[in-house]
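Asks:
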Amino acid sequence: MTGTSVASPDRTARPEHQQGADGSAHLSRRAAWVICLVAVLFAGSSLRQAWTDGPTFDEANDLASSLAALTRHDLRANPQHPPLFRTVAAIPVLFLDPTIPDGAAWDRASGHDLAVQFMHHEVASGHLQRDLFAARVVPVLEAVAIAWLLALLAGRLFGGAAGVFSAVLWLVNPLVIGLGHVDGIDLSATLTTVLTALAVLAARRDPTRRSIALVGLCGGLAILTRLTGVLVVLLAAAAVAAAGWRGDRRRALLDASLVVAVAWATVMVVYAALSPVDIGSAGHGVAAVVGTVGHVVVPPAWLRGTEHLWRVGSTPGPAFVLGEAHTGRWLWFWPASLVVKLPPTTLAVLVAGPLAWVRLPRAVRREAAWVVALPALALTLFTVQQQRPIGLRYLLPALALWIVAAAPIVVVLGRRAARTVVALAVAGGLAASLVTPSLAWTNPLLGPGYRVATDSNLDWGQSYPALRRWSPSHHPWVAYFGAPGLGVDTLPGARDLADAPADLTGWVAVSASLLTAYDRDELGWLRAYCPVAVIARTVLVYRFTTPPERARPGPEAPRGPCAGSTSRLASRSNSPDAAAHAGGTPS
0 MTGTSVASPD RTARPEHQQG ADGSAHLSRR AAWVICLVAV LFAGSSLRQA WTDGPTFDEA
60 NDLASSLAAL TRHDLRANPQ HPPLFRTVAA IPVLFLDPTI PDGAAWDRAS GHDLAVQFMH
120 HEVASGHLQR DLFAARVVPV LEAVAIAWLL ALLAGRLFGG AAGVFSAVLW LVNPLVIGLG
180 HVDGIDLSAT LTTVLTALAV LAARRDPTRR SIALVGLCGG LAILTRLTGV LVVLLAAAAV
240 AAAGWRGDRR RALLDASLVV AVAWATVMVV YAALSPVDIG SAGHGVAAVV GTVGHVVVPP
300 AWLRGTEHLW RVGSTPGPAF VLGEAHTGRW LWFWPASLVV KLPPTTLAVL VAGPLAWVRL
360 PRAVRREAAW VVALPALALT LFTVQQQRPI GLRYLLPALA LWIVAAAPIV VVLGRRAART
420 VVALAVAGGL AASLVTPSLA WTNPLLGPGY RVATDSNLDW GQSYPALRRW SPSHHPWVAY
480 FGAPGLGVDT LPGARDLADA PADLTGWVAV SASLLTAYDR DELGWLRAYC PVAVIARTVL
540 VYRFTTPPER ARPGPEAPRG PCAGSTSRLA SRSNSPDAAA HAGGTPS
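In numbering that gives the first Met the number 0, the protein residues as written are 0 to 586.
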């Protein structure tokens, strides 16, 4: 990959290297093969982890409610909206003839109870790994599709070299690999955000009714993926209007209105298809305020889900990063999480890359600002002010756009400097991606992951299979953070740590998310002791030969690993063999 001249957005004077026969960004055959090769490696790694990782906290709820919605054409048990892509991810599972939860849980429309029932059956039948893997195939495909969309977007804005660099930087990122095999909405929200940006770019350059309607369609898919899709649509409409504002303001406003109208029509059509029994039904909560007219233009299920998410999202949540804990809005969490969860070389590119914009032509900067920088900035600001800073995954759509924004660095630099930047960035990301499990990957320079991260940044419940294999031979006291229905009662030989006597001895296994976030007050005493091992980098293992001092207040962060086989009160273990215990499974 070498430096290339920057493509101008002027429709009458775009250089030939930026466009193919159909006006699309040109990727050389060699560049396309590079992306294909890296995409295959990415998919292989993601699919392997999709098979080995246990269900994360949200996956049980998403999968159970989506299967129920697909077979009963009713979204009543889906508490979280929008539902489109999580429902699509469940389609492959239907071909495996799963047992669809019903009974009292369905009658109560309780998504949580439905998830508990479904997970219990999956474990009992031995189909958990199989069905979960099937549901994770779609997210892996989405992650690969995002790479190609980033290549197109950056290529059309800045040239082919920037496009290839964006795609590869996305694919050799442990954060993306970790989230890319999880059945959730983070990847689909990123996919629809980038797709909308690409449609906006096309509409600004060729503002036909068809291209503008396509922006609305893509924006509708964004709304059907995550509530931030509303913000994506409004920014897309503004970007389309701005392109023709100086020429014909009336038409510019009509174009923006068309974007919004098509987007919301898309939402209505999809909700009618997924839950026809809900359209026109009596509203609940927020829907009751909207009134009869509102039910015609706003799906009641969307309003109920919005009300639920607003209630959950406005409740301050616990966070932990770089050894510090906090509850509620915490601006420090986001830059600190970037340092923890991104390879240093990738982070350096994201910081330095946008500085290359000063060397771009003014027209390119203006177009890239509307298409990429403005939505990236808006999504970032929206994310960092929320009350539940529980994972960098919330910032994934903005990160994808920031990768595009940083891509011109390989265009404005000289040939030798550009090659050096690409080599360092790709090598750094690739080296980090080879370290597994990538969902629990943290910067190794910062020490054990459980001391610098929690929740979906480290421990989202994916360690269940490893804990289940270890538990029978150790008969441990366990506090496990994972999917509803996969509690201590499903771990052979395990006992609930909450029921442990005051004079407990033996093995104790605790999920990092409980120790540093959700049960940090109740389990604070454990943070004063050093763990003898860590299962799958997320579950801390302690061994007590004498009863621990459970009344002692613990430090802010868990202790480093023990040098020996017995947990003890210690500030830090500096033994040469301490690191060997940090990443392995105890014997």
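For each residue, glycine too, the CB sits at the ideal point set by N, CA and C.
Which value, in whole angstroms, describes the spacing of the CA atoms of E366 and R358?
Replies: The straight-line gap from Cα to Cα measures roughly 15 Å.
Asks: Looking at the unbroken beta strand (DSSP E) that takes in S566, where does it start and where does it end?
Replies: Segment: none, S566 is in no beta strand (DSSP E) and carries neither H nor E.
Asks: For a test of the three-state rule: what should DSSP assign to I402, helix, strand or coil?
Replies: Three-state result, I402: helix.
Asks: Which parts of the region 467-529 are runs of the beta strand (DSSP E), unbroken and 3 residues or longer, counting only runs that do not cross its ends?
Replies: Here the runs fully enclosed are 476-478 and 505-510.
Asks: At 4 residues or longer, what runs of the alpha helix (DSSP H) sit wholly inside the region 42-110?
Replies: With a minimum length of 4 residues, the continuous alpha helix (DSSP H) runs that stay inside the region 42-110 are 58-71, 83-93 and 103-106.
Asks: Please report the distance separating the alpha-carbon of A142 from that of F41.
Replies: So the two alpha carbons sit approximately 9 Å from each other.
Asks: Exposed or buried, which one is A511 when buried takes at least 16 other CB atoms within 10 Å?
Replies: It counts as buried.
Asks: Below 6 Å CB to CB, which residues in the same chain sit around L220 once its five sequence neighbours on both sides are set aside?
Replies: These residues qualify, in order along the chain: T191.
Asks: Can V370 and L200 be called in contact, C-beta distance under 8 Å?
Replies: Result yes, Cβ atoms of V370 and L200 sit closer than 8 Å.
Asks: Could you check which residue in W263, W169, A430 and A251 has the C-alpha nearest to that of T224?
Replies: Considering only alpha carbons, the answer is W263.
Asks: How about S455 and G413: are their beta carbons less than 8 Å apart?
Replies: Not in contact: S455 and G413 (Cβ atoms no closer than 8 Å).
Asks: Do H80 and A272 have their beta-carbon atoms positioned less than 8 Å apart in this structure?
Replies: Not a contact, by the Cβ cut-off of 8 Å.
Asks: From L525 to E548, what distance separates their C-alpha atoms?
Replies: Each residue's alpha carbon lies about 9 Å from the other.
Asks: Would you say the region 493-511 touches the region 536-545, given that touching needs at least three Cβ pairs under 8 Å?
Replies: Taking 8 Å as the limit for Cβ pairs, the verdict is that the region 536-545 does touch the region 493-511.
Asks: Identify every residue that forms a DSSP beta bridge with F132.
Replies: None, per the DSSP bridge assignment.
Asks: Do A516 and V320 have their C-beta atoms closer together than 8 Å?
Replies: Not closer than 8 Å, so no.
Asks: Does P530 pass the burial test, meaning 16 or more other C-beta atoms within 10 Å, or should it be called exposed?
Replies: Answer is buried; the Cβ neighbour count reaches 16.
Asks: Among T207, R364, L395 and A465, which one has its Cα closest to the Cα of W333?
Replies: Considering only alpha carbons, the answer is L395.
Asks: When the Cα atoms are used, what is the spatial distance from V289 to N77?
Replies: Residue placement at V289 is flagged as unreliable, the pLDDT there being 42, under the threshold of 50; a coordinate-derived value is accordingly withheld.
Asks: For V258, name the three-state secondary structure that DSSP assigns.
Replies: Helix, per DSSP.
Asks: Please work out which residues of its chain come closer than 7 Å, Cβ to Cβ, to A499, disregarding the five sequence neighbours upstream and downstream, and give them in chain order.
Replies: Same-chain partners within the cutoff: W476.
Asks: With a Cβ-Cβ cutoff of 8 Å, do S432 and P138 count as a contact?
Replies: Cβ atoms of S432 and P138: not closer than 8 Å.
Asks: Can you give the Cα-Cα distance for W169 and V434, rounded to whole angstroms?
Replies: Whole-angstrom Cα-Cα distance: 16 Å.
Asks: Just grab the DSSP bridge partners of T326 for me.
Replies: Note: T326 sits in a beta bridge opposite P317.
Asks: DSSP three-state label for A198, please.
Replies: In the structure shown, A198 sits in a helix (DSSP, three-state: H, G or I).
Asks: Where does the unbroken alpha helix (DSSP H) through I408 begin, and where does it stop?
Replies: Note, I408: alpha helix (DSSP H), I408 to V411.
Asks: Identify whether A372 lies in helix, strand or coil by the three-state DSSP scheme.
Replies: Of the three classes helix, strand and coil, the one that applies to A372 here is helix, per DSSP.
Asks: So who's on the other strand from V533, going by DSSP bridges?
Replies: V533 pairs with L539.
Asks: Sort T565, W459 and G484 by Cα distance to V181 and report the nearest one.
Replies: Here the closest residue by C-alpha is W459.
Asks: Going by the beta-carbon positions, is the gap between A406 and A144 smaller than 8 Å?
Replies: Not in contact: A406 and A144 (Cβ atoms no closer than 8 Å).
Asks: Taking C-alpha atoms, which residue in V425, A424 and Q461 lies nearest to A439?
Replies: Among V425, A424 and Q461, the Cα nearest to that of A439 is on Q461.
Asks: Taking all protein chains shown into account, do 16 or more other C-beta atoms lie within 10 angstroms of the C-beta of V268, making it buried, or fewer, making it exposed?
Replies: Per the 10 Å Cβ criterion, exposed.
Asks: Hey, how far is the Cα of L226 from the Cα of D520?
Replies: For L226 and D520, the distance between alpha carbons rounds to 33 Å.
Asks: With a threshold of 7 Å on Cβ separation, who are the neighbours of S566 within its own chain once the five nearest residues in sequence on each side are excluded?
Replies: Excluding sequence neighbours, S566 sits near Y528, C529, P530, V531, Y541, R542 and F543.
Asks: Compute the beta-carbon to beta-carbon distance between Q48 and P436, rounded to the nearest angstrom, for a pair I have assumed lies under 8 Å.
Replies: With 8 Å as the limit, Q48 and P436 qualify as a contact, their Cβ atoms being about 6 Å apart.
Asks: Output needed for A508: all residues of its chain with C-beta closer than 6 Å, excluding positions within five of it in sequence on either side, in chain order.
Replies: Counting only Cβ-Cβ distances below 6 Å, and skipping sequence neighbours, we find P475, V477, V538 and V540.
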